[in-house]
Amino acid sequence: EAGVVQSPRYKIIEKKQPVAFWCNPISGHNTLYWYLQNLGQGPELLIRYENEEAVDDSQLPKDRFSAERLKGVDSTLKIQPAELGDSAVYLCASSLGSIATGETQYFGPGTRLLVL
Amino acid sequence: TQLLEQSPQFLSIQEGENLTVYCNSSSVFSSLQWYRQEPGEGPVLLVTVVTGGEVKKLKRLTFQFGDARKDSSLHITAAQPGDTGLYLCAGSNQGGSEKLVFGKGTKLTVNP
Numbered sequence: 199e200a201g202v203v204q205s206p207r208y209k210i211i212e213k214k215q216p217v218a219f220w221c222n223p224i225s226g227h228n229t230l231y232w233y234l235q236n237l238g239q240g241p242e243l244l245i246r247y248e249n250e251e252a253v254d255d256s257q258l259p260k261d262r263f264s265a266e267r268l269k270g271v272d273s274t275l276k277i278q279p280a281e282l283g284d285s286a287v288y289l290c291a292s293s294l295g296s297i298a299t300g301e302t303q304y305f306g307p308g309t310r311l312l313v314l
Numbered sequence: 010t011q012l013l014e015q016s017p018q019f020l021s022i023q024e025g026e027n028l029t030v031y032c033n034s035s036s037v038f039s040s041l042q043w044y045r046q047e048p049g050e051g052p053v054l055l056v057t058v059v060t061g062g063e064v065k066k067l068k069r070l071t072f073q074f075g076d077a078r079k080d081s082s083l084h085i086t087a088a089q090p091g092d093t094g095l096y097l098c099a100g101s102n103q104g105g106s107e108k109l110v111f112g113k114g115t116k117l118t119v120n121p
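Going down the list, the protein sequences come from chains U and Z. Numbering follows this note's numbering, in which position 85 of the first sequence is assigned residue number 283; successive positions increment by one, without gaps. Numbering follows this note's numbering, in which position 45 of the second sequence is assigned residue number 54; successive positions increment by one, without gaps.
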C-alpha cells in the first residue's frame, strides 16, 4: 500500500514569493493533517480536514497561509507571500478516522522549504 | 497550552548500551504516542499507550505510561545503530480536542 505522498520534497524560494505544497493521502483516509516542523522541534498542527471540511484551522496563519482539500482527497497548502521565518519542514499526515477513535496518523516525508 | 517536555534533548551512546528517554507534562493526557523520525522522513508511530501505569513492549523497546497519565518513558535495551533517530512523544488530551501535541524530541545516536 502506498504511503502519504508529498511534493515537492525540497523547495528554495526568495522571500515574498508564493509557494505551494501538495499532499496525496493514503487511499480511503478521510482525515488529513498539515503540520509544520521547525528545526529541533516537534511537529505543530496547522490544519486538519475531515473529508473536504477544515475542522481545525486555529493554528493556521491565515494572513499568508491557505489550504484546500478539493473532493476530500488531495490537499494543497499555500504560502503567499513567504517570509524568512517560514523556512521549515511541512509534513502531511492522514488517518482513517480521528484521534478520538484511536486511529493512527501516517506521515509523509515532508517538504523542506528554504526561504532566502 | 499543554506542553510535553522531553529529556534528554540529545543522547549519544555505544552499541549494546541501554538507555531511557523521558516525556513529561503538567497536564493529563488521554493517550500518549511515541514516534521515531529518521532524517528526511516523517515520524513513524511506534506505540500508543492509553491506560495509566500501562507498559508495552516492542522487541527491545519498553514504553511506560505514568499512573497519572502525565508522563511516559521509553527504554531501549542493547541499543543498535538502527535505533538512531529522533524520538518524539505526542499526547492527545481529554475533552474531545483531537489535536496531537508533540514534544521537541530526543535525538539518539547509537555508535557502532
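Think of the CB as a built atom: it goes at the ideal place given N, C-alpha and C, for glycine as much as any other residue.
Assigned secondary structure, residue i (DSSP; H/G/I helix, E/B strand, else coil)
i	result
U:G283	helix
U:D261	coil
Z:D80	strand
U:D254	strand
U:G295	coil
U:L268	helix
C-beta atoms of residue i and residue j nearer than 8 Å
i	j	result
U:Q257	U:L268	no
U:P279	U:Q215	yes
U:L311	U:D284	yes
U:I224	U:V202	yes
Z:S101	Z:S34	no
U:E248	U:N228	yes
U:G308	U:Q204	yes
Z:G51	U:G306	yes
Z:L41	Z:V53	no
Z:L109	Z:Y96	no
Beta-carbon neighbours of residue i, restricted to chain U and to distances below 8 Å
i	result
Z:K113	G238, Q239, G240
Where residue i meets chain U, residues with beta-carbon distance less than 7 Å
i	result
Z:E50	P307
Z:K108	L243, D254
Z:L97	G240
Contact belief for residue i with residue j at Cβ below 8 Å, rounded distance in angstroms
i	j	result
Z:A99	Z:Y44	7 Å
Z:Q18	Z:Y31	Not quite, the Cβ-Cβ distance comes to about 11 Å (not below 8 Å), so this is no contact.
Z:N120	Z:S21	7 Å
U:Y208	U:L289	Wrong, their Cβ atoms sit about 14 Å apart, outside the cutoff.
Partners in chain Z for residue i, counting only beta-carbon separations shorter than 9 Å
i	result
U:L289	G51, P52
U:T274	Residues of chain Z passing the Cβ test: none, with the nearest at roughly 18 Å.
Buried versus exposed, by CB contacts within 10 Å (16 or more), residue i
i	result
Z:D76	exposed
Z:G112	buried
Z:V64	exposed
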